[in-house]
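Heads up, the thing below is written out as structure tokens.
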Amino acid sequence: MTSHSKPSRSLILKIIGTLLSTGLLVALIVWSWEDVVVALGKISLLELLAAFAFIFASRLFTVLRWHTLLRSGGIPIALKDTARLTFTGLFATNFLPTTIGGDVVRLAGTMQMGYDRAICLASLAADRLVNMTGMSLASPLGIYQLFQVGPAVAQAAFFPNLWRKGLDFARRTIASLGIWLKKPLSLLTAFGFAFAHMMCMFSANYVIIHALGGEIEFWRVIGLYSFAYFIGNVPVSVNGYGWQELTVSALLGTLGGLDVSVAATVPLINRILHMLASLPGALTLPGILAKMDKSDS
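Okay, so the sequence shown: first residue is 22 according to my numbering, each after it adds one.
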């Protein structure tokens with residue numbers, strides 16, 4: 022029996038975390054079901070299409086961000102191939118609740134095209150770090166809202182931890198971006214696409230919140246969602262299922278001041294729209310997975 026035939030302990034814990042997080046979110050929705058139905062009745066097809074358009078545009082900026090890093094790293098990949106691999110990775114992340122994540126699929130795809138594995142792997146790390154850096158620059162808006170409602174003891178404990186995390190993140194970023202630090206124009210371009218991606222994501226959620234009857238300023242949406250990004254990426258569930266939605270719902274309710282029904286419904290609509298936006302990746306995922314299986318056998 023191979024090592025792949027038995028689930029690892031971490032995967033089992035993530036599955037448990039997924040079930041618990043999803044269960045809590047479902048319980049929250051059921052508890053306020055009547056208000057959820059009323060909130061859903063307020064959103065129009067035009068508003069859903071507007072939110073979907075923002076999310077799909079954010080996917081395109083994600084393609085451009087990674088393409089910039091690949092090309093400046095010396096990988097002569099065509100834009101259409103970068104787009105194909107990006108959407109394939111997004112589809113894997115949204116529809117495959119397994120250890121095969123989107124980055125694994127993207128790396129496998131570039132290797133199948135014959136590109137240098139080390140550079141492609143570094144570009145994926147750089148792509149993730151560029152996005153995290155952009156979110157880091159926006160997260161103080163969320164931390165500010167936390168400190169407005171949090172007790173002084175929690176604030177005192179938060180600062181040292183934030184400082185340590187920040188230093189560690191800065192060291193990892195500099196180490197991973199070694200190739201691209203020598204090409205500042207390309208790196209700045211990637212950051213520009215990262216910010217465009219972020220603004221589309223924030224705008225989509227702003228549209229959804231207001232369509233459901235919630236009232237919240239755009240700058241607060243930016244802060245809460247950038248803050249939720251880091252909490253939601255803590256690996257306690259498979260591909261963030263349940264945990265990310267529960268995190269967003271909790272922050273929108275406690276810090277954003279939204280009704281429970283709206284706070285619980287927004288992340289669910291957002292997840293569905295993300296899944297729809299990743300559907301183009303379904304066309305190429307089977308071929309990549311088939312070649313991955315052959316290489317492992």
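Backbone N, C-alpha and C define an ideal beta-carbon position, used for all residues, glycine too.
Source: prediction; values computed, not measured.
Coil, strand or helix - P301 by DSSP: helix
Residue range of the unbroken alpha helix (DSSP H) whose run includes S79: L66 to S93
Contacts around L142, its chain only, beta-carbon distance under 8 Å, and the 5 residues preceding and following it disregarded: L128
Local Cβ density within 10 Å of I33, reported as buried at 16 or more and exposed below that: exposed
Through-space distance from G277 to Y227, alpha-carbon basis: Distance between the alpha carbons of Y227 and G277: 12 Å.
Cβ neighbour criterion (16 or more within 10 Å) applied to E266: buried
Helix, strand or coil at G263 according to DSSP, with G and I counted as helix: The three-state secondary structure of G263, taken from DSSP, is coil.
Pick from T107, F116 and Y165 that is closest to D148, judged by C-alpha positions: T107
Nearest to G261 (by Cα), restricted to the options R292, L233 and A78: R292
Under 7 Å between C-beta atoms of G244 and G155: Contact flag unset, no.
Three or more C-beta pairs below 8 Å linking the segment 223-242 and the segment 61-72: yes
Entirely enclosed alpha helix (DSSP H) segments - the segment 143-175, minimum 4 residues: 161-170
Contact under 7 Å by Cβ, L111 with S299: yes
Cβ shell of V151 (< 7 Å), same chain only, five flanking positions each side left out: R86, A211, F212 and A215
Own chain, CB closer than 8 Å to T114, minus 5 neighbours either side, in chain order: G122, G123, N260 and S299
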